[in-house]
Ligand SMILES: [Zn+2]
């Protein structure tokens, strides 16, 4: 095809110039260097260092970086990776915005309506919205937990149902598989749970399980699940069983906040009873941590009135109060979720990673509550509007 280029009219030249300057402005936005900050990389803390961001990616981490790019003074500031909430239920885009504004740049949905979730995933490139990874429908029995929320849910009754059910989730492009074992309603038997886990593994999907009883937690671990989306709440696990979990590449998302809040909100018990339960959760989580089991931060919003964003800080603070060192409390919401759910180039401040970063006016290594002191949030190098 022959292309002839006509000279542009002055108005058109003006439009082209405006467009060009917008492009340059957008480019400048995700090109900068943060100098002299204390940086938590997701693994370790480096004092007085600089981080170069180009095209939304972290391209250099060095004491001194010479550049003509805009400089952000990080002196007295703490720079950490963007956070992930590993247990949410989001049903509208505004909730992804609520998360992003709190520095929670990734949320992992643990059961919802599939077609709707796929639409919500389109927000992943929008600066002011958290990336959304989903389980799709959770595996549950007819009339089981998860069927009471007003949208139809495909259920399973027997191990033979697992193959088709998992194939349907894979077809619906889910990121991980979630199973519900909740005996307060009709629930899946363990043979069916084991069959779902096996099928999911054959499709290379991570499998996480909702349990409320310790024995169920142990059983699904033995059946090959990757982790739990709640800690049990009925009885303590034996040291021997915890040691088995620790040797088995198994993680736990304890969701202490929702467990604690549910005592007063749903079970209608006194605050005194709730605080006792909170102490119990912290103790059990610390036992898992001490054995070497990865502990991940998730809060299960909107249950018990929990929000998608700032409430995640409470979970991290609970971990610290439980006796988990602050660096590992920070890992629970940054690098560990990225590792365990294989989130590519996320969760770390490292060269070659996406520039998802939070700058704090404080130091959560010294005082964990400083994670609330947010100065700036960048998603892929662009400032999140707060
Ligand atoms: Zn949940």
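Residue numbers (the numbering used here): 618 to 1003. The beta carbon of each residue, even a glycine, is placed where N, CA and C say it ideally should be.
Nearest by alpha-carbon distance to residue i: which of the options is it?
| i | options | result |
| --- | --- | --- |
| residue 717 | 954, 938, 927 | 927 |
| residue 986 | 934, 994, 944, 939 | 934 |
| residue 705 | 882, 872, 840 | 872 |
| residue 708 | 701, 731, 687, 692 | 731 |
| residue 728 | 752, 999, 710 | 752 |
| residue 998 | 694, 659, 684, 722 | 722 |
| residue 793 | 785, 800, 808 | 785 |
| residue 808 | 855, 791, 894, 757 | 757 |
| residue 842 | 1003, 771, 816, 748 | 816 |
| residue 983 | 944, 992, 951 | 944 |
| residue 763 | 780, 783, 747, 796 | 796 |
| residue 907 | 921, 949, 860 | 860 |
| residue 655 | 671, 670, 649, 691 | 691 |
| residue 977 | 881, 990, 715 | 990 |
| residue 670 | 952, 942, 689, 711 | 689 |
| residue 853 | 878, 701, 896, 887 | 896 |
| residue 879 | 866, 829, 909 | 829 |
| residue 754 | 946, 702, 940, 767 | 767 |
| residue 659 | 946, 932, 1003 | 946 |
| residue 1003 | 726, 800, 745 | 745 |
| residue 923 | 715, 650, 936 | 715 |
| residue 710 | 875, 996, 953, 748 | 748 |
| residue 800 | 769, 760, 770, 824 | 760 |
| residue 909 | 864, 787, 929, 772 | 864 |
| residue 650 | 981, 825, 966, 894 | 966 |
| residue 652 | 662, 687, 661 | 687 |
| residue 936 | 798, 913, 887, 802 | 913 |
| residue 712 | 1000, 806, 992, 917 | 917 |
| residue 915 | 648, 992, 949 | 949 |
Just checking: is the beta-carbon of residue i within a distance shorter than 9 Å of some beta-carbon in chain C?
| i | result |
| --- | --- |
| residue 857 | You won't find chain C in this structure, because it holds only one protein chain. |
Name the DSSP bridge partner or partners of residue i?
| i | result |
| --- | --- |
| residue 749 | 724 |
| residue 654 | 666 |
| residue 714 | According to DSSP, residue 714 bridges with nothing at all. |
| residue 844 | 825, 868 |
| residue 798 | Paired residue(s): none; residue 798 is not in a bridge. |
| residue 701 | 723 |
| residue 996 | 999 |
| residue 690 | 652 |
| residue 910 | Partner(s): none; residue 910 has no beta bridge. |
| residue 671 | 674 |
| residue 679 | 667 |
| residue 696 | 656, 976 |
| residue 859 | Partner(s): none; residue 859 has no beta bridge. |
Should residue i be listed as close to ligand 1, given that the test is whether its C-beta is under 8 Å from any heavy atom?
| i | result |
| --- | --- |
| residue 826 | no |
| residue 751 | no |
| residue 846 | yes |
| residue 727 | yes |
| residue 704 | yes |
| residue 1004 | A question about residue 1004 goes unanswered here, because the residues of the chain that appear run from 618 up to 1003. |
| residue 943 | no |
| residue 920 | yes |
Taking only heavy atoms of ligand 2 into account, decide whether any of them is closer than 8 Å to the Cβ of residue i.
| i | result |
| --- | --- |
| residue 917 | Ligand 2 is absent from the structure shown, which contains only ligand 1. |
- Task: Tell me, please, whether the stretch 814-821 touches the stretch 847-864 by the rule of three or more beta-carbon pairs shorter than 8 Å.
- Result: Output reads no: the stretch 847-864 does not touch the stretch 814-821.
- Message: Going residue by residue through the stretch 753-794, where are the continuous alpha helix (DSSP H) segments of at least 4 residues, counting only ones entirely within it?
- Response: List check, alpha helix (DSSP H) in window: 779-788.
- Task: Give a yes or no on contact between the stretch 962-971 and the stretch 663-681, applying the rule of three or more CB pairs nearer than 8 Å.
- Result: yes
- Should the stretch 687-704 be regarded as contacting the stretch 655-670, the criterion being three or more beta carbon pairs within less than 8 Å? yes
- Item | Cβ contact (3+ pairs, closer than 8 Å) linking the stretch 946-961 and the stretch 678-694 | no
- Between the stretch 761-778 and the stretch 739-749, do three or more beta carbon pairs fall short of 8 Å? Taking 8 Å as the limit for Cβ pairs, the verdict is that the stretch 739-749 does not touch the stretch 761-778.
- Count the CB pairs spanning the stretch 830-841 and the stretch 800-814 that are closer than 8 Å, and state whether there are at least three. Yes, they touch.
- Task: Write down every uninterrupted run of the alpha helix (DSSP H) in the stretch 861-887 whose length is 4 residues or greater and which is fully enclosed by it, in chain order.
- Result: With a minimum length of 4 residues, the continuous alpha helix (DSSP H) runs that stay inside the stretch 861-887 are 873-882.
- Do the stretch 863-872 and the stretch 895-913 touch if we need at least three Cβ pairs shorter than 8 Å? yes
- Length-filtered (3 minimum) beta strand (DSSP E) runs lying within the stretch 943-986: 974-977
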